[in-house]
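Chains as they are written, first to last, in this note's numbering: chain A, 319 to 553; chain B, 319 to 553.
For each residue, glycine too, the CB sits at the ideal point set by N, CA and C.
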DNA sequence: TCCGCTAAGTGGGGTGGCGTACAGACCGCA
DNA sequence: TGCGGTCTGTACGCCACCCCACTTAGCGGA
């Protein structure tokens, strides 16, 4: 399927032209900026979002200060999955982790369109499968693997979705993603830096050596990637 | 909705009589026994299962010996969710954790029936939502909360689904569910025993004090329960 | 009744990550 | 140029849990 823009959403790109055109008319381009919260747990879903070049994190919190990223939504997916499963409220917080563009649609018209658009349904259900697999695998990863490997995995996953080797992120922020303290992230990051795999300074992180980073990460990175490929959502 | 048997599956129970009758003819009663593996990651799904009074665990492994339960399927749900999301292969291992009865259907006729049975679709998609929420919450729980609280949560969740206060389970087995070592489970369990919340011996565990156990568990137990209620799958 | 096996108790040493505290480094802004 | 705020480095004690090893306790079968 050919790209329709320079930045493409893969779910939308998988839809045949006819059904896509009808959908397109109702999709509204929007720029999302870092730190923006799209959903809070328990609140109703007003829009669904198809990331183009932005990146959205799904977070679960156990208290005020401890949070864990359970899922990552880039241009391979959509934010607002509970809505297509027939639930109006989100279970997680959805946080814009990387600024960029997305297409969004208000939930009411989206419901109408979703119900009559079979290819869209199929693409989104397959995506739901991939997202569940991602959540499951990262759950086990966060339980068993140590900080450095998880950080490496996370950076690789982010790189895949951003399509860039450098992005703005502080250690503090990473701590909330990985379920660590800020100091723990600093230690793991400086170990990777020492080996010239990454570089960073004051909120900018740059990946220098992808292969080396893969070697430092756990197998979970590749496992999740394989699942996305199986669901037809690979890069 | 009235019970159709002494043991009822809540997804099936939520389907209007007309659609249910058509479905029922193709459901095959089956007894599942402890230790049986219904799916392995990467293998195709031959049947879907609706537990009546048995209990199925969804497991993710990171290596040969370390596994973690990411989801629990009792009579509130169905095993084989990837299939309804359009994927023929399972992402997790599905292990029978509690012996008992279930209704099953071969995947091919189930696909036909699922496609024409709107209430069944809606019930299963809502269940998918609840399962995702459960997976997310337990992911955070397994990351942040300590062994004793997680064990208490797990026992309560199991009790809800089995409808009994006593069930056969070894510490070794619990270790695989909670992502701990056997010794870690023994320590946590003996702490709960000392406080007369549970009792156990040689593979039998009995819950003595539900309120006390709730107090020892983390909030995650109640959070997940609330999600199931919201999805219309509560006890 | 004895044996063998599995389940569970126990202990000692090691460590990854936590909590806390503080110091240095860099940036933007006045 | 100096200042305040944010970002990162580092250090120390601590604890939950790990790994390894061995013991004790039940249960079932020959």
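- Here the C-alpha atom of residue 440 (chain A) lies approximately 27 Å from the C-alpha atom of residue 477 (chain A).
- The segment 493-507 of chain A makes contact with the segment 456-470 of chain A; the number of CB pairs closer than 8 Å reaches 3 or more.
- With respect to the 9 Å criterion, residue 473 (chain A) and residue 531 (chain A) are classified as neighbours on the basis of their beta carbons.
- Judged by DSSP in its simplified three-state form, residue 456 (chain A) adopts helix.
- Against chain A, the CB of residue 330 (chain B) has no partner CB under 9 Å away; the residue lies outside that interface.
- Residue 521 (chain B) is classed as exposed because its beta carbon has fewer than 16 other beta carbons within 10 Å across all chains shown.
- Contact residues of the segment 448-468 of chain A toward chain B are 448, 449, 450, 451, 453, 454, 455, 456, 457, 458, 459, 460, 461, 462, 463 (C-beta to C-beta distance below 9 Å).
- With respect to chain B, the C-beta atom of residue 435 (chain A) has no partner C-beta closer than 9 Å.
- In the three-state DSSP reduction, residue 361 (chain B) falls in the coil class, being neither helix nor strand.
- Going by C-alpha positions, residue 495 (chain B) is about 11 Å away from residue 456 (chain B).
- Secondary structure note for residue 375 (chain A): its beta strand (DSSP E) is the uninterrupted segment 373-379.
- Fewer than three pairs of CB atoms, one per stretch, sit closer than 8 Å, so the segment 326-341 of chain B makes no contact with the segment 401-418 of chain B.
- Of A:460, A:372, A:366, A:335, the smallest CA-CA separation from residue 349 (chain A) is found for A:372.
- Within a 10 Å sphere around the beta-carbon of residue 361 (chain A) sit fewer than 16 other beta-carbons, which makes this residue exposed.
- For chain B, none of the residues of the segment 499-520 of chain A brings a beta carbon within less than 8 Å of one of its beta carbons.
- By the Cβ-count criterion, residue 501 (chain A) is exposed, with fewer than 16 other Cβ atoms from all chains shown falling within 10 Å of its own Cβ.
- Straight-line spacing of the CA atoms in residue 549 (chain B) and residue 327 (chain B) works out to 15 Å.
- Residue environment analysis places residue 387 (chain B) among the buried positions, since at least 16 neighbouring C-beta atoms fall within 10 angstroms of its C-beta.
- When only Cα atoms are considered, residue 367 (chain A) and residue 450 (chain B) end up about 19 Å apart.
- DSSP, read as helix, strand or coil, puts residue 334 (chain B) in coil.
- Assigned with DSSP and collapsed to three states, residue 351 (chain A) falls in coil, not helix or strand.
- Contact between residue 423 (chain B) and residue 365 (chain B) holds, with the beta-carbon distance rounding to 6 Å and staying under 8 Å.
- When Cβ-Cβ separations below 9 Å define contact, residue 438 (chain B) makes no contact with chain A.
- For residue 330 (chain B) and residue 475 (chain A), the gap between their C-alpha atoms comes out near 39 Å.
- Proximity of residue 443 (chain B) to chain A, defined by a Cβ-Cβ separation below 9 Å, is satisfied.
- At a cut-off of 9 Å between beta carbons, residue 410 (chain B) contacts chain A.
- For residue 522 (chain A), there is no enclosing alpha helix (DSSP H); the residue is part of the beta strand (DSSP E) that begins and ends at 522-525.
- Taking 8 Å as the cut-off between beta carbons, the residues of the segment 390-422 of chain A near chain B are 399, 400, 402, 403, 404, 405, 407, 409, 410, in sequence order.
- Residue pairing from DSSP places residue 346 (chain A) in a beta bridge opposite A:422.
- Sixteen is the threshold: since fewer than 16 other Cβ atoms of the shown chains lie within 10 Å of the Cβ of residue 433 (chain B), the residue is exposed.
- Residue contact check for residue 446 (chain A) against chain B: a CB pair falls below 9 Å.
- Look at residue 372 (chain B): its C-beta is not under 9 Å from any C-beta on chain A.
- Sixteen is the threshold: when 16 or more other Cβ atoms of the shown chains lie within 10 Å of the Cβ of residue 414 (chain B), as they do, the residue is buried.
- Under the Cβ distance rule, residue 378 (chain A) counts among the residues neighbouring chain B, one pair being separated by less than 9 Å.
- Between residue 497 (chain B) and residue 458 (chain A), the CB-CB gap stays under 9 Å.
- Interface with chain B (9 Å Cβ-Cβ cutoff): residue 488 (chain A) is excluded.
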